[in-house]
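**Student:** Read top to bottom, the protein sequences are chains A and B. Letter by letter, the first sequence follows residues 126 to 478 of my numbering. Letter by letter, the second sequence follows residues 126 to 478 of my numbering. Don't be surprised by glycine CBs; every beta carbon is placed ideally from N, CA and C.
There are 2 protein chains.
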Amino acid sequence: MANSSEGTHRVTISDIAKRAGVSKGAVSLALNDRPGVSDETRKRILAIVKELHWSPNRAARALSAAKAGACGLVLARPARILALEPFFVELISGAESELSERSIALTIQLVHTVEEEIAVYRRWWAERRVDGILMVDLRTNDPRVEELRRLGLPAVVVGGPVRDDGLPSAWHDEAPVVADVVRYLATLGHTRVARVAGLGEFVHTATRTAAFLDVTSELGLAAEVVETDFEPESGARATRKLLSRPEPPTAIVYDSDLLAVTGLGVAHQMGFAVPDDISIVAWDDSLMCGLVHPPLTAVTRDIPAYGAAATKLLLATIDGHSPGDIVTPRGVLTPRGSTGSARAAQRESAPTN
Amino acid sequence: MANSSEGTHRVTISDIAKRAGVSKGAVSLALNDRPGVSDETRKRILAIVKELHWSPNRAARALSAAKAGACGLVLARPARILALEPFFVELISGAESELSERSIALTIQLVHTVEEEIAVYRRWWAERRVDGILMVDLRTNDPRVEELRRLGLPAVVVGGPVRDDGLPSAWHDEAPVVADVVRYLATLGHTRVARVAGLGEFVHTATRTAAFLDVTSELGLAAEVVETDFEPESGARATRKLLSRPEPPTAIVYDSDLLAVTGLGVAHQMGFAVPDDISIVAWDDSLMCGLVHPPLTAVTRDIPAYGAAATKLLLATIDGHSPGDIVTPRGVLTPRGSTGSARAAQRESAPTN
DNA sequence: CTGTTAGCGCCTTCAT
DNA sequence: ATGAAGGCGCTAACAG
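Written out as structure tokens, the structure reads:
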């Protein structure tokens with residue numbers, strides 16, 4: 126009862142100053158480790174700061190520094206998809222590792238459309254609620270890029286590159302990784318391969334598809350690409366379509382782990398054995414790939430590192446440096462049980478549904 | 126070139142006031158829809174506000190209102206687990222639906238331990254970075270509850286109840302739901318059932334376990350509970366242990382969808398057919414449950430609604446009202462392909478590994 | 001009904 | 001080396 130107001134009272138710099146018998150300015154100098162105050166006084170002040178458990182008030186600091194002390198991330202995919210895409214949470218975890226060090230907050234908002242996303246950027250920046258943002262799911266001719274530039278809101282794109290003088294980005298060329306995957310399948314003897322892609326408007330989807338078609342044609346493989354909107358239902362449909370062909374592919378590369386797991390379920394359901402009848406490769410590796418049976422061969426990227434790199438770049442951009450793009454480490458193929466030799470699959474025609 | 130500073134200049138209330146030929150105070154009154162200014166002037170002011178695209182500066186508003194305009198959520202589970210637990214993203218999406226309406230931000234932080242979590246609360250509150258927080262994964266004798274009360278940081282627990290005069294919470298009694306699940310299995314003829322539980326320190330785990338043992342004993346079923354730490358490896362071990370018994374259970378209820386999917390993989394791997402040899406029930410339904418083969422019978426809750434209810438309660442708490450706990454709708458069992466009659470399973474002994 | 005004023009808590013000039 | 005003063009943008013309590 127006696128201390129009931131303990132949690133309520135705020136310690137301010139004035140309190141410190143009063144207690145130390147100096148001015149507010151002196152305290153400020155001492156706190157920021159700048160000259161203008163004697164060593165002894167500084168020590169005394171810092172001791173009192175500790176004793177009184179003083180912490181700077183973010184709002185006050187933000188106001189005087191004209192910095193929000195926060196970065197933003199807007200996600201424009203349906204929540205139930207996001208919930209299942211480990212990519213985003215891992216990205217967030219990587220971003221945080223950079224931010225929390227500098228005690229910058231991460232503000233997240235989920236929206237439904239790109240238009241809403243842009244509206245959020247406008248509001249955030251108008252209110253100076255964030256100092257910069259991380260942007261994901263870059264599209265070809267993405268309207269967000271121009272808008273962000275117009276606003277002057279510091280931003281970094283996760284997964285570029287953004288053409289011309291767009292925005293800085295953290296990315297790596299995925300074409301060689303696609304080539305690795307296709308060559309791996311070719312080595313296993315597959316001659317009919319397919320790709321279940323994500324949304325074609327996304328730059329990363331388009332890049333991977335182009336590379337896929339290039340490499341397969343170079344190797345003389347029969348190739349097919351089916352686009353989806355990343356929704357599991359859509360992925361299931363794509364898989365069903367592919368496996369219903371008179372001569373179905375013997376290997377399918379999916380554009381996310383979620384799509385791959387969906388494909389695995391559909392294959393099972395249609396009576397295809399994995400990997401004997403059909404090999405499956407996931408893009409982006411998460412725990413989920415290892416949980417299902419058989420465990421999925423996947424392209425593994427260190428996504429938290431990806432998020433951390435992008436965040437580092439963002440912080441530099443906010444600070445006014447304008448470093449070039451950051452190239453992140455490329456993904457590597459992690460073979461697991463879902464891929465196998467094509468011989469079994471080709472020996473006989475596919476099972477009927 | 127001419128407009129190059131467009132994105133940089135900030136419009137303030139002073140600008141509006143100058144332009145309208147009134148004082149800042151008048152503008153403030155007009156903006157906040159409060160009396161003290163004539164209707165005509167108000168209109169004129171609002172028009173200028175629109176014309177100049179004015180938005181309030183959060184930092185300034187926060188400073189003068191002594192409100193951060195943000196709520197916090199700290200998650201203390203490993204990122205790679207969080208990434209796969211749809212629960213959290215869905216919870217966030219529900220929370221946001223409430224927050225964004227009032228244009229309150231959601232600040233998220235991932236940490237490793239409860240101690241770190243508490244440290245974040247202290248810092249956030251000391252800095253007035255948030256106005257309140259949503260707390261998850263309540264434990265028995267949870268140290269966070271006392272600390273939050275001591276700090277005076279407004280908080281709501283998602284999934285209570287918190288005993289005594291702890292903190293307000295949004296929750297529902299899960300015992301009846303557990304009973305439903307067990308009765309459902311009993312009706313299918315199962316007599317040996319097991320539960321792969323989460324962390325026993327979590328209140329919801331303890332509640333479900335107690336209910337599970339109660340109901341099974343009441344129905345005369347052989348029951349066993351194995352605890353895990355929610356990690357897939359740990360869940361896999363538990364499943365392996367159960368299925369290696371001389372008389373293995375014919376049905377297992379898992380404490381999350383992630384654990385259930387893991388269990389399904391292990392069962393497949395050990396040569397158990399699902400649901401013929403072993404029935405599987407997941408707790409918390411997400412897309413993932415429908416993707417695997419066979420699709421998992423699961424306890425379905427409207428988690429976004431849960432998050433929204435908790436957030437509503439939090440906002441009320443912040444505003445100084447102290448409403449009682451909110452009781453959220455209970456989960457319902459959604460039967461799918463992973464549960465079946467026990468007859469097949471009991472007819473013969475379990476397959477060997 | 002209007003306009004002026006004084007803070008919110010911090011930082012950064014300036015004089016001293 | 002120190003202290004006093006002013007401003008960041010907004011709100012609220014005053015006078016006019």
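With a floor of 4 residues, list each alpha helix (DSSP H) that falls wholly inside the stretch 151 to 223 of chain A, ordered by position along the chain.
**Tutor:** Listed in chain order, the complete alpha helix (DSSP H) runs (minimum 4 residues) inside the stretch 151 to 223 of chain A are 164 to 176, 183 to 190, 204 to 207.
**Student:** So A/Asp409 and A/Ala423 are in contact, right, with Cβ under 8 Å, and what is the actual spacing, rounded?
**Tutor:** Position 284 of the first sequence, counted from the start, is the residue given in the question as residue 409 of chain A. Position 298 of the first sequence, counted from the start, is the residue given in the question as residue 423 of chain A. Indeed, because the Cβ distance is near 7 Å, the residues count as touching under 8 Å.
**Student:** Does the stretch 435 to 450 of chain A come into contact with the stretch 216 to 232 of chain A, if we say contact requires no fewer than three beta-carbon pairs (one atom in each stretch) closer than 8 Å?
**Tutor:** Enough Cβ pairs lie closer than 8 Å, so yes.
**Student:** Apply the 10 Å Cβ neighbour rule to A/Leu383 and answer buried if 16 or more other Cβ atoms are within range, or exposed otherwise.
**Tutor:** Translated into positions along the first sequence, residue 383 of chain A becomes position 258. With 16 or more Cβ atoms within 10 Å of its Cβ, A/Leu383 is classed as buried.
**Student:** Establish whether the CB of A/Ser153 and some CB of chain B are separated by less than 9 Å.
**Tutor:** Stepping through the first sequence from its first residue, residue 153 of chain A is reached at position 28. A/Ser153 does not count as touching chain B.
**Student:** Measure the CB-CB distance between B/Gly390 and B/Ala361 and report whether it falls below 9 Å.
**Tutor:** Translated into the one-based positions of the second sequence, residue 390 of chain B becomes position 265. Translated into the one-based positions of the second sequence, residue 361 of chain B becomes position 236. Yes, Cβ-Cβ distance for B/Gly390 and B/Ala361 is below 9 Å.
**Student:** Alpha carbon to alpha carbon, how far is A/Ala204 from A/Asp290?
**Tutor:** Position 79 of the first sequence, counting from 1, holds the residue named residue 204 of chain A. Position 165 of the first sequence, counting from 1, holds the residue named residue 290 of chain A. Near 32 Å, if we compare the C-alpha coordinates of A/Asp290 and A/Ala204.
**Student:** Give a yes or no on whether the minimum CB-CB distance between B/Val261 and chain A is below 9 Å.
**Tutor:** By one-based count along the second sequence, residue 261 of chain B stands at place 136. Not an interface residue.
**Student:** Output needed in chain order: residues of the stretch 152 to 186 of chain A with a Cβ under 9 Å from some Cβ in chain B.
**Tutor:** Within the stretch 152 to 186 of chain A, the qualifying residues are His178, Trp179, Ser180, Pro181, Asn182, Arg183, Ala184, Ala185, Arg186.
**Student:** In chain A, what lies closer than 9 Å to B/Ile233 by C-beta?
**Tutor:** The residue given as residue 233 of chain B occupies position 108 in the second sequence. The contacting residues are Ile217, Glu221, Ala230, Leu231, Thr232, Ile233.
**Student:** So with Cβ pairs under 9 Å, would you call B/Ala195 a contact of chain A?
**Tutor:** Taking the second sequence and counting its residues from 1, one reaches residue 195 of chain B at position 70. Chain A, which has a Cβ nearer than 9 Å to the Cβ of B/Ala195, makes this yes.
**Student:** If we cut at 9 Å on Cβ distances, does A/Gly135 have a partner in chain B?
**Tutor:** Along the first sequence, one-based indexing puts residue 135 of chain A at 10. Residue 135 of chain A is actually Arg in this sequence, not Gly. Closer than 9 Å to some Cβ of chain B, the Cβ of A/Arg135 qualifies, so yes.
**Student:** CA-CA distance, A/Asn478 and A/Ser381?
**Tutor:** Numbered from its first residue, the first sequence carries residue 478 of chain A at position 353. Numbered from its first residue, the first sequence carries residue 381 of chain A at position 256. Low confidence applies here, because A/Asn478 scores a pLDDT of 44, under 50, leaving its location unreliable and the question unanswered by this model.
**Student:** Which partner residues does A/Phe327 have in the DSSP bridge list?
**Tutor:** Translated into the one-based positions of the first sequence, residue 327 of chain A becomes position 202. Beta-bridge pairing links A/Phe327 to A/Arg264.
**Student:** Does the beta carbon of B/Thr387 sit closer than 9 Å to a beta carbon anywhere in chain A?
**Tutor:** Position 262 of the second sequence holds residue 387 of chain B. It does; some Cβ of chain A falls within 9 Å.
**Student:** Check this for me: beta carbons of B/Ala348 and B/Leu338, under 9 Å apart or not?
**Tutor:** Start at 1 with the first residue of the second sequence, and residue 348 of chain B comes out as number 223. Start at 1 with the first residue of the second sequence, and residue 338 of chain B comes out as number 213. Yes; because the gap between Cβ atoms is below 9 Å, this pair is in contact.
**Student:** Any beta carbon of chain B sitting closer than 9 Å to that of A/Ala204?
**Tutor:** Against the first sequence, residue 204 of chain A aligns to sequence position 79. For A/Ala204, the answer is yes, since a Cβ of chain B falls inside 9 Å of its Cβ.
**Student:** Rounding to the nearest angstrom, what Cα-Cα distance links A/Ile217 and B/Glu215 in this structure?
**Tutor:** Indexing the first sequence from 1 puts residue 217 of chain A at position 92. Indexing the second sequence from 1 puts residue 215 of chain B at position 90. Distance between the alpha carbons of A/Ile217 and B/Glu215: 15 Å.
**Student:** Who pairs with A/Gly284 in a beta bridge, going by DSSP?
**Tutor:** As a working note, residue 284 of chain A is residue 159 in the first sequence. DSSP output for A/Gly284 lists no bridge partner at all.
**Student:** State yes or no: is the beta carbon of A/Arg253 nearer than 9 Å to at least one beta carbon in chain B?
**Tutor:** Along the first sequence, read from residue 1 onward, the residue named residue 253 of chain A stands at position 128. Yes, contact with chain B.
**Student:** I need the straight-line Cα distance from A/Ala475 to B/Glu352, nearest angstrom please.
**Tutor:** What you label residue 475 of chain A is simply residue 350 of the first sequence in a count that begins at 1. What you label residue 352 of chain B is simply residue 227 of the second sequence in a count that begins at 1. Summary for A/Ala475: the model assigns pLDDT 46, below 50, so the residue's position carries little reliability, and this model does not support an answer.
**Student:** For chain B, find out if any of its Cβ atoms is closer than 9 Å to the Cβ of A/Ser411; answer yes or no.
**Tutor:** If you number the first sequence from 1, residue 411 of chain A lands on position 286. Taking Cβ atoms only, chain B reaches closer than 9 Å to A/Ser411, which makes this a yes.
**Student:** In three-state terms, what does DSSP make of A/Ile403?
**Tutor:** Indexing the first sequence from 1 puts residue 403 of chain A at position 278. Of the three classes helix, strand and coil, the one that applies to A/Ile403 here is coil, per DSSP.
**Student:** Among A/Leu310, A/His297, A/Leu367, which one has its Cα closest to the Cα of A/Arg468?
**Tutor:** The sequence position of residue 468 of chain A within the first sequence is 343, counting from 1. Here the closest residue by C-alpha is A/Leu310.
**Student:** Identify every residue that forms a DSSP beta bridge with A/Thr422.
**Tutor:** For the purposes of this step, residue 422 of chain A is taken as residue 297 along the first sequence, with counting starting at 1. A/Thr422 pairs with A/Val406.
**Student:** Report all residues from its chain with a CB closer than 7 Å to the CB of B/Val255; omit the five preceding and five following residues, and keep chain order.
**Tutor:** Locating residue 255 of chain B in the second sequence gives position 130, where the first residue counts as 1. Excluding positions up to five away in sequence, the list reads Ala193, Ala195, Cys196, Gly197, Thr232, Trp249.
**Student:** So, helix, strand or coil for B/Leu344, using DSSP?
**Tutor:** Taking the first residue of the second sequence as position 1, residue 344 of chain B is located at position 219. Correct three-state label for B/Leu344: helix.
**Student:** Tell me whether A/Ile443 sits in a helix, a strand or coil according to DSSP, three-state version.
**Tutor:** To locate residue 443 of chain A, count along the first sequence from 1; it is residue 318. Reduced to three states, the DSSP call for A/Ile443 is helix.
**Student:** With 16 other CB atoms within 10 Å as the buried threshold, where does B/Thr375 fall?
**Tutor:** Here residue 375 of chain B refers to the residue found at position 250 of the second sequence. When all chains shown are included, B/Thr375 counts as buried.
**Student:** A/Arg333 versus chain B: which residues are under 9 Å apart at the beta carbon?
**Tutor:** In the first sequence, residue 333 of chain A corresponds to position 208, counting from 1. None at all; the shortest Cβ gap to chain B is about 22 Å.
**Student:** Kindly list, in the order they appear in chain B, the residues whose Cβ is closer than 9 Å to that of A/Leu209.
**Tutor:** Here residue 209 of chain A corresponds to residue number 84 of the first sequence, with the count starting at 1. Leu209, Pro211, Val214, Ser411, Leu412, Met413, Leu416, listed in chain order.
**Student:** May I ask you to list, following chain order, the residues of the stretch 387 to 405 of chain B that have a beta carbon less than 7 Å from some beta carbon of chain A?
**Tutor:** So the list reads Thr387, Gly390, His393, Gln394, given in the order they occur along the chain.
**Student:** So, at 6 Å on beta carbons, what are the nonlocal neighbours of B/Leu209 in its own chain, with the 5 sequence-adjacent residues on each side left out?
**Tutor:** In the second sequence, the residue the question calls residue 209 of chain B occupies position 84. So the qualifying residues of the chain are Leu383.
**Student:** Taking the beta strand (DSSP E) that B/Ile233 belongs to, which residues open and close that run?
**Tutor:** On the second sequence, position 108 is the one that residue 233 of chain B refers to. From DSSP, the beta strand (DSSP E) with B/Ile233 extends over 230 to 235.
**Student:** A/Ser466 and A/Pro419 look like a contact to me (Cβ under 8 Å); what is the Cβ gap, rounded to whole Å?
**Tutor:** If you number the first sequence from 1, residue 466 of chain A lands on position 341. If you number the first sequence from 1, residue 419 of chain A lands on position 294. So it is not a contact: roughly 14 Å between Cβ atoms.
**Student:** Look at the alpha carbon of A/Ala145 and the alpha carbon of A/Pro160, and state the distance between them as a whole number of angstroms.
**Tutor:** Your numbering for residue 145 of chain A matches position 20 in the first sequence. Your numbering for residue 160 of chain A matches position 35 in the first sequence. Looking at the two C-alpha atoms, the distance is approximately 18 Å.
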